[in-house]
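Residue numbers (UniProt numbering): 1 to 138.
Don't be surprised by glycine CBs; every beta carbon is placed ideally from N, CA and C.
Following: one structure in structure tokens, then a few remarks.
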Amino acid sequence: MTHASFGSLGAHSADGYEASTVRPYAVTGGRVRSALSDLPLEALVEVMPGAVSSVGLTPEKRAILQHAAHTYVSIAELSALLRLPLGVVRILVADMQEEGHITVHTSTPVNVHTGHGSSHSGLSLSVLESVLNGISAL
């Protein structure tokens with residue numbers, strides 16, 4: 001590799017878009033998964049107040065903040081906008097959520113007992129029966 005390829009963040013391709021010269025595993029620090037990286041494609045990213053002015057972020061994380069600064073953006077949209085693989089964007093979003101820069105909104109049901117959502121949570125049968133009984137009594 002030449003010294004020029006290390007110094008630039010991207011090179012212009014034939015279609016006019018900037019192509020990244022950084023490998024995906026370098027963007028994620030070699031990780032292929034994080035604790036929260038199983039986020040659904042449709043999960044919406046919301047930037048927390050003051051996060052856009054954060055310092056010390058990688059160019060990819062800054063780009064996520066810029067794209068989501070004024071509106072909610074899904075993880076799938078971020079992947080397309082940043083021209084990064086979906087798995088890489090999931091890891092970056094999970095890291096940024098842990099760092100407190102963003103909030104991720106998912107459609108995962110909330111467990112009525114814990115107040116937290118997970119892939120195995122949901123309303124128990126007894127709660128659903130109680131709701132049905134209450135509606136029937138109306």
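Contact between the region 49–56 and the region 76–86 is absent, with fewer than three C-beta pairs closer than 8 Å. When only Cα atoms are considered, H70 and Q97 end up about 17 Å apart. DSSP places L84 outside both helix and strand once states are collapsed to three, so it counts as coil. In the three-state DSSP reduction, E60 falls in the helix class (H, G or I). Cα atoms of H105 and E46: separation of roughly 8 Å, rounded to the nearest angstrom. Taking C-beta separations shorter than 7 Å and ignoring five residues to either side along the sequence, the partners of G100 in its chain run M48, following chain order. Annotation: V52 is outside any alpha helix (DSSP H) and is labelled neither H nor E by DSSP. In this structure A94 is not in contact with L41, their Cβ atoms being roughly 14 Å apart against a cut-off of 8 Å. Contact between A43 and I75 holds, with the beta-carbon distance rounding to 5 Å and staying under 8 Å.
When the Cα atoms are used, L125 and R31 turn out to be separated by approximately 39 Å. Counting the other CB atoms within 10 Å of its CB gives V27 a total of 16 or more, which places it among the buried residues. The same chain holds no residue with a CB closer than 7 Å to that of V55 once the five nearest residues on each side in sequence are set aside.
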